[in-house]
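Down below is the structure, laid out as structure tokens.
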Amino acid sequence: MVAAVSSGWYLSLAAVLFSLGAVGVMIRRNPLVMFMCVELMLNAVNLTFVTFARELDDVGGQVVVFFVLVVAAAEVVVGLGIIVSILRRRPAATADDASLLRG
Amino acid sequence: MLEITWLIPALPLAGFLVLLALGRRLGEPLAGWLATAAVGGSFAASVVVFLGLQAEGEEGRSYVQTLYEWVPAGGFTVDVGFLADPLSVTMCLFITGVGALIHLYSIGYMHGDPNFTKFFVYLNLFVFSMLMLVLGDNLLLTFLGWEGVGACSYFLISFWHTSDANASAGKKAFVTNRIGDWGYMVAMFLTFTALGSISYVDIQRGAGGLATTTATGIALLLLVAAVGKSAQLPLFVWLPDAMAGPTPVSALIHAATMVTSGVYLLVRMNPVLAQAEAWAPTAIAVVGALTALFAATIAVAQTDIKKVLAYSTVSQLGYLFLAIGSGAYVAAIFHMVTHAVFKALLFLGSGSVIHGMGDEQDMRRMGALRKIMPITAITFMFGWLAIAGIPPFSGFWSKDEILLFAFEKSPALWVIGFATAILTAFYMSRQVFMTFFGEARWDRPLEEAVPELAAERGLTPGHPEADEAPVEEGAEGDEAHAPTVANVYEAGHLPHGVGPKEAIHPHESGWLMTLPLVVLSAFALVAGFLQTPFSDDTKVLEHWLEPVVAPDEAILDVTGTFQASLALIAVLGAVAGLVVAFLLYYRRRWADRPVEPVLLLKGWYYDSSIAAFMGGPGRRGFDAVAWFDRHVIDGAVNGVAALVRGTGSGVRRTQSGFVRAYAGIVTGGAVVVVFVLLLRGVVL
Chain V
1 MVAAVSSGWY
11 LSLAAVLFSL
21 GAVGVMIRRN
31 PLVMFMCVEL
41 MLNAVNLTFV
51 TFARELDDVG
61 GQVVVFFVLV
71 VAAAEVVVGL
81 GIIVSILRRR
91 PAATADDASL
101 LRG
Chain H
1001 MLEITWLIPA
1011 LPLAGFLVLL
1021 ALGRRLGEPL
1031 AGWLATAAVG
1041 GSFAASVVVF
1051 LGLQAEGEEG
1061 RSYVQTLYEW
1071 VPAGGFTVDV
1081 GFLADPLSVT
1091 MCLFITGVGA
1101 LIHLYSIGYM
1111 HGDPNFTKFF
1121 VYLNLFVFSM
1131 LMLVLGDNLL
1141 LTFLGWEGVG
1151 ACSYFLISFW
1161 HTSDANASAG
1171 KKAFVTNRIG
1181 DWGYMVAMFL
1191 TFTALGSISY
1201 VDIQRGAGGL
1211 ATTTATGIAL
1221 LLLVAAVGKS
1231 AQLPLFVWLP
1241 DAMAGPTPVS
1251 ALIHAATMVT
1261 SGVYLLVRMN
1271 PVLAQAEAWA
1281 PTAIAVVGAL
1291 TALFAATIAV
1301 AQTDIKKVLA
1311 YSTVSQLGYL
1321 FLAIGSGAYV
1331 AAIFHMVTHA
1341 VFKALLFLGS
1351 GSVIHGMGDE
1361 QDMRRMGALR
1371 KIMPITAITF
1381 MFGWLAIAGI
1391 PPFSGFWSKD
1401 EILLFAFEKS
1411 PALWVIGFAT
1421 AILTAFYMSR
1431 QVFMTFFGEA
1441 RWDRPLEEAV
1451 PELAAERGLT
1461 PGHPEADEAP
1471 VEEGAEGDEA
1481 HAPTVANVYE
1491 AGHLPHGVGP
1501 KEAIHPHESG
1511 WLMTLPLVVL
1521 SAFALVAGFL
1531 QTPFSDDTKV
1541 LEHWLEPVVA
1551 PDEAILDVTG
1561 TFQASLALIA
1571 VLGAVAGLVV
1581 AFLLYYRRRW
1591 ADRPVEPVLL
1601 LKGWYYDSSI
1611 AAFMGGPGRR
1621 GFDAVAWFDR
1631 HVIDGAVNGV
1641 AALVRGTGSG
1651 VRRTQSGFVR
1661 AYAGIVTGGA
1671 VVVVFVLLLR
1681 GVVL
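Protein sequences appear in the order of chains V and H. Counted from 1, the first sequence has number 55 at position 55 by my numbering; the numbering is strictly sequential. Counted from 1, the second sequence has number 1469 at position 469 by my numbering; the numbering is strictly sequential.
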């Protein structure tokens, strides 16, 4: 039997994914890519939830992941709607162009 | 019978409200009658309550009627409640009694005034405020009345407000009283801090446990309050100016109501005074004695018939303070009652003279009025003998009792009081002789009869006095064209109460005005028998007031013979003052040249020095304070606002609208939080 992978690996992977996602959100201009990076961050978090659920032998973490997925799906629906409507009005879809909500 | 206590202040209040709503429609004289009836009804209610209290036993003579909870705030509550006890009922009796007579008199006096109804609106409000002041069962309710009489005195003193002098006299009364109000408020706060309550019942019960320093502080602050309201040194300046109002107002303010409230307050708070350091009452006595003498010296030289009485009031109030400072609370109340009667009589009498003389107030123009105004003259003389301290008139008994206690306190105070008594007899006799005796001086042209007066009014050019003439007398003379008798008087621009039209035809006043005079003169004669020193049984007032003041009342230990000899000395002094005035003024030595020192005529230049100070160095000081307020205080407040605004506009820049910047900030924040948490995990 293959030795079980220790939780530390999972968590490290999740941290790396999360950081990649965060950096992506900050440095990419294309809103679609930023969006995908946000998804990456969410999934990194999901991974930690699952990891801890296994580690603690508690199903709660698994359940939370479902919620996160549902909320993420809803967010994608709304977010994509916004992005599409912005694209209709503007030639290029860079996030920095849309600063109408500045103070 | 005590349940109707609330009616006493309610009736004048109702009168005020009705007159306010319907006054103009009622018109003259109905409005006046209504106002008089309101105060008269209040007097009747006072009598009923008085009888009710008398029916109670000695211990039960304190009745609190709570109408409703006025200020409930946590552990602190103030009720609208009335305290009927011997002290407050005594005050109510003479306030409403004398007040009703003054109202009646006013119907005659104010006849024909365009603001007839307005006058009675104010009068009723005044009486209501004063009754709230004395009946209130706690310091705050009393303060309501205290401020009420202050406001009403402002309205009434400047009643003829179209004249500058009158308007500024009202302002002066109002502003000067503010200083006293400060003392009152701080005393009230201090009382609450120390006792946890401001109701008189609690104060009377708890005063014994007060720390000496606290009690001294409260006593001194109360003294400040009383000095402002009752016109003592150094704040008496407003009272002589209060003459600017119609004469019935002077009678009301000077005799029955407002100025007595300071004395009432001190008597009411006597348990606190008793707890204070010994020098605090002494300070009260000294203030009183000095005021009495100071004002009496000024009264000696006044030429305005009402000014004499005004300074006389200040002087007599000084006696009341002297009495309180000497621990003679009963004597203070006693003299307050008799003074209310005879001073109201004197004021109303002088009003009758002024009325008959067509608004002439200068005694140098009067004389010989005895034959033309017999009722006024005879009643006025009753008042004169009463205030001069000639037995058996009321003033003799009350003044003597005060002097007796003053002697017990300190012979020096007695000497000052005695000197004041001589001066009182002198200036009142001077007034009577100048007004009612001698030759008639009103039937000759002003230039011949009283050249100085003519010069003051700008009728004869080139008199040295003309430039210094007081504003209220000289200001109206138009300097552009040389004023003559004709154009000054006929232009009719002398303000009300300042001078007569050309021809004066003195006449006796109508019954509305003479009836109160007769009633008051009867009381001036007999009021002294409230309290005579012959035996324990004749001290009616003392027994009556016992529940309120007994524990703190000073106890005399002088013999009856000694008392009698002091009284004899006082009478001799009064007679001496009277005789000197007789020689000087009845024998008309004065006609050659005025004998009064200018220094006294100008009131020791006290008022004008204050005015000069306020206009000069004082003004600069106030400007500096105003500058400080505008720049430093306001600066601090505005500075805080500017700081917030600046920070806000700086922080606003971070609201760029760039999603990635926000994301960066959020991430940075998250990193910091994680870092801090990790660090805590490591370090702690």
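Even for Gly, the Cβ is constructed at its ideal location relative to N, Cα and C.
Fill in: Run of the beta strand (DSSP E) containing Pro1617(H), from where it starts to where it stops
It is not in any beta strand (DSSP E) - Pro1617(H) instead sits in the alpha helix (DSSP H) that spans 1617-1628.
Practice prompt. Closer than 7 Å, Cβ to Cβ, to anything on chain V: give me those residues from the segment 1642-1660 of chain H, in chain order.
Written response: Arg1652, Gln1655, Ser1656, Gly1657, Phe1658, Val1659, Arg1660
Discussion item. Which runs of the beta strand (DSSP E) at least 3 residues long sit entirely within the segment 1058-1105 of chain H? Give them in chain order.
Written reply: 1063-1073, 1076-1084
Worksheet entry | Cβ pair Ile1157(H), Ala1187(H) closer than 8 Å | In this structure, Ile1157(H) sits away from Ala1187(H), with a CB-CB distance that is not shorter than 8 Å.
Fill in: Coarse secondary structure for Gln1531(H), derived from DSSP in three states
strand
Discussion item. Less than 6 Å between C-beta atoms, sequence neighbours within five positions excluded: which residues of the same chain meet that for Val1644(H)?
Written reply: Spatial neighbours of Val1644(H) in its own chain (CB-CB distance under 6 Å, excluding positions within 5 residues in sequence) are not present.
Fill in: Ordered list of alpha helix (DSSP H) runs contained in the segment 1217-1242 of chain H, each at least 4 residues
1238-1241
Item to complete: Check the DSSP bridge columns for Lys1539(H) and list the partner residues they point to.
Response: Bridge pairing for Lys1539(H): Gln1531(H) [DSSP].
Fill in: Residue-level contact to chain H via CB, Leu32(V), 8 Å cutoff
Not an interface residue.
Worksheet entry | Pick from Thr1176(H), His1254(H), Asp1241(H) that is closest to Val1224(H), judged by C-alpha positions | Thr1176(H)
Practice prompt. Would you kindly work out how many angstroms separate the C-alpha atoms of His1493(H) and Thr1162(H), rounded to a whole number?
Written response: At His1493(H), the pLDDT of 39 sits below 50, so the modelled position is not reliable; the number obtained from the coordinates is stated separately. One C-alpha to the other measures close to 11 Å.
Worksheet item: What three-state label does DSSP hand Gly1499(H) in the structure shown?
Response: Only weak support is given to the placement of Gly1499(H): the predicted model assigns it a pLDDT of 49, under 50, and the value that follows is read from those uncertain coordinates. Correct three-state label for Gly1499(H): coil.
Worksheet item: Buried or exposed: where does Val1488(H) fall if 16 or more other Cβ atoms within 10 Å of its Cβ makes it buried?
Response: At Val1488(H), the pLDDT of 41 sits below 50, so the modelled position is not reliable; the number obtained from the coordinates is stated separately. That one is buried.
Worksheet entry | Bridge-paired residues (DSSP) for Gly1136(H) | BP columns for Gly1136(H) point to Phe1082(H).
Worksheet item: Are the C-beta atoms of Ala44(V) and some chain H residue less than 8 Å apart?
Response: no
Worksheet item: Which residues does DSSP pair with Asp1304(H) in a beta bridge?
Response: Asp1362(H)
Practice prompt. State buried or exposed for His1505(H), treating a residue as buried only when at least 16 other CB atoms are found within 10 Å of its CB.
Written response: exposed
Worksheet item: Nearest to Phe1582(H) by alpha carbon, out of Ser1509(H), Val1432(H), Ser1649(H), His1507(H)?
Response: Val1432(H)
Fill in: Ser1521(H) - DSSP class collapsed to helix/strand/coil
helix
Discussion item. Let me check understanding here. Comparing Cα to Cα, which of Pro1114(H), Ser1230(H), Ser1429(H), Leu1265(H) lies closest to Val1549(H)?
Written reply: Leu1265(H)
Discussion item. As a quick exercise: from Leu1034(H), Met1001(H), Tyr1109(H), Leu1013(H), pick the residue whose alpha carbon is nearest that of Arg1061(H).
Written reply: Met1001(H)
Worksheet item: Touch check for the segment 1539-1553 of chain H and the segment 1359-1373 of chain H: three-plus C-beta pairs under 8 Å?
Response: no
Fill in: Pro1507(H) and Ile1372(H) closer than 8 Å at C-beta
Reading the sequence as shown, one finds His at residue 1507(H) and not Pro. Yes.
Practice prompt. Starting from Met1336(H), trace the alpha helix (DSSP H) both ways and give me its first and last residue.
Written response: 1329-1356
Worksheet entry | Contact set between Ala1663(H) and chain V, taken where Cβ atoms lie within less than 7 Å | Val25, Met26
Worksheet item: Taking the runs of the alpha helix (DSSP H) that are 4 residues or longer, which of them lie wholly in the segment 1386-1447 of chain H?
Response: 1394-1409, 1411-1436
Worksheet entry | Integer Cβ distance of Met41(V) from Gly1664(H), believed to fall under 8 Å | Met41(V) to Gly1664(H), Cβ: 14 Å. No contact.
Item to complete: Determine the closest residue to Ala1242(H) out of Leu1233(H), Ala1295(H), Ser1153(H), with distance taken between C-alpha atoms.
Response: Ser1153(H)
Item to complete: Report yes or no: do three or more beta-carbon pairs, one from the segment 1619-1632 of chain H and one from the segment 1322-1341 of chain H, lie closer than 8 Å?
Response: no
Worksheet item: Which residues of chain H have a Cβ atom closer than 7 Å to the Cβ of Ala22(V), listed in chain order?
Response: Chain H residues near Ala22(V): Thr1667.
Worksheet item: Tell me the DSSP bridge mates of Ser1199(H)?
Response: Asn1138(H)
Discussion item. Can you find the residues in the same chain that come closer than 6 Å, C-beta to C-beta, to Leu1139(H), ignoring five residues on each side of it along the sequence?
Written reply: Spatial neighbours of Leu1139(H) in its own chain (CB-CB distance under 6 Å, excluding positions within 5 residues in sequence) are listed in chain order as Met1188, Ile1198.
Item to complete: For the alpha helix (DSSP H) containing Tyr10(V), list its first residue and its last residue.
Response: Following the DSSP letters along the chain, one finds Tyr10(V) inside the alpha helix (DSSP H) bounded by residues 7-27.
Worksheet item: If you run the structure through DSSP and keep just helix, strand and coil, what is Met1001(H)?
Response: coil
Worksheet item: On the premise that Gln1232(H) lies in contact with Ile1305(H), defined as a C-beta separation below 8 Å, what is that separation, rounded to the nearest angstrom?
Response: Rounded, the Cβ-Cβ distance is 23 Å, inconsistent with contact.
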